[in-house]
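Peer 1:
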Amino acid sequence: MKEIAELMNLPAGTILTHRHNVRKKLKLRNKKANLRTHLRSLE
């Protein structure tokens, strides 16, 4: 997460917030569910 924040010149908290919002919209409530794996399965 820190690397993404640095690349985008954003605070790490902003990245966490966006990640949380994406997970919420995709209804990924389980913390163990991998967001990357889920998004790739949609392709």
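Under full-length UniProt numbering, think of the first position of the sequence shown as 1, with each following residue one higher.
Virtual Cβ for every residue (Gly too), placed ideally from N, Cα, C.
Bear in mind the structure is a predicted one, so any value in this text is a computation, not a measurement.
(1) Can you tell me which of the three DSSP states Ala-5 falls into?
(2) Tell me which residue opens and which closes the alpha helix (DSSP H) that Leu-35 is part of.
(3) Counting along the chain, where does the alpha helix (DSSP H) carrying Lys-24 start and finish?
(4) Between the C-alpha atoms of Ala-12 and His-20, what's the straight-line distance to the nearest angstrom?
Peer 2: In short, the structure shows the following:
(1) helix
(2) 35-41
(3) 12-25
(4) 12 Å
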